[in-house]
Amino acid sequence: PQAFTIIDQNRDGIISKDDLRDVLASMGQLNTKNEELEAMIKEASGPINFTVFLQMFGEKLKGTGSIKKEFLQELLTTQCDRFSAEEMKNLWAAFPPDVAGNVDYKNICYVITHGEEKEE
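Note that the numbering used here has the sequence shown beginning at 1, numbered continuously upward.
Put into structure tokens, the structure is as follows:
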């Protein structure tokens with residue numbers, strides 16, 4: 001759940017090429033080429049802040065696009081623009097989890113990043 005904070009090494013709220021190089025080095029992947037880092041950064045639509053990170057993470061998820069409610073709640077209440085208890089209550093009212101406790105991650109990400117429900 002603290003993936004963004006771990007990758008954002010300099011804590012400026014944006015994941016940069018240097019942040020990626022540092023985190024890859026800390027995982028044992030030394031001497032990553034500039035071109036590789038630039039390719040990773042170019043996958044984003046712009047500067048990689050927490051919202052963009054969420055969107056990219058959502059796009060990388062395989063399968064249904066659903067995750068455990070608890071996992072998403074921990075992400076949203078512990079990272080960057082932290083959600084308040086009231087905001088979480090409103091989120092779960094708008095996107096109730098299914099019987100297994102999963103929520104539609106892609107739909108929630110869309111609404112968080114675009115501010116409106118997508119048309120069916």
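We put the beta carbon where it would ideally sit given N, CA and C, even for glycine.
* Asked: Can you tell which of Ala93, Phe57, Ala85, Lys69 has the C-alpha that lies nearest to the C-alpha of Thr113?
  -> With distances taken between Cα atoms, Thr113 lies closest to Phe57.
* Return the chain-ordered list of same chain residues with a C-beta closer than 7 Å to the C-beta of Gln73, the five sequence neighbours on each side being excluded. => Sequence-distant Cβ neighbours of Gln73 in its own chain, meaning closer than 7 Å and more than five residues away, are Met88.
* Output the distance between the C-alpha atoms of Ala39 and Lys33, rounded to the nearest integer angstrom. => Pairing Ala39 with Lys33, the inter-Cα distance amounts to about 10 Å.
* Asked: For Asp104, does the three-state DSSP call read helix, strand or coil?
  -> Three-state result, Asp104: strand.
* Asked: Cα separation between Phe53 and Leu75?
  -> Linking Phe53 to Leu75 through their CA atoms gives a straight-line distance of about 12 Å.
* **Cross-strand partners of Lys68 (DSSP beta bridge)** => Answer by DSSP bridge pairing, in chain order: Asn102.
* Whether Asn102 touches Ser66 by CB criterion (7 Å) -> Asn102 places its beta carbon less than 7 Å from that of Ser66.
* For Lys68 versus Leu37, is the C-beta distance shorter than 7 Å? -> Result no, Cβ atoms of Lys68 and Leu37 do not sit closer than 7 Å.
* Where do the ends of the alpha helix (DSSP H) carrying Phe83 lie? -> Neither: Phe83 is in no alpha helix (DSSP H) and is coded neither H nor E.
* Asked: Just curious, the alpha helix (DSSP H) that Thr5 is in, first and last residue?
  -> Where Thr5 is concerned, the enclosing alpha helix (DSSP H) stretches over 3-7.
* Outcome for Arg82 when other beta-carbon atoms lying within 10 angstroms are tallied against a minimum of 16 -> Classification for Arg82: exposed.
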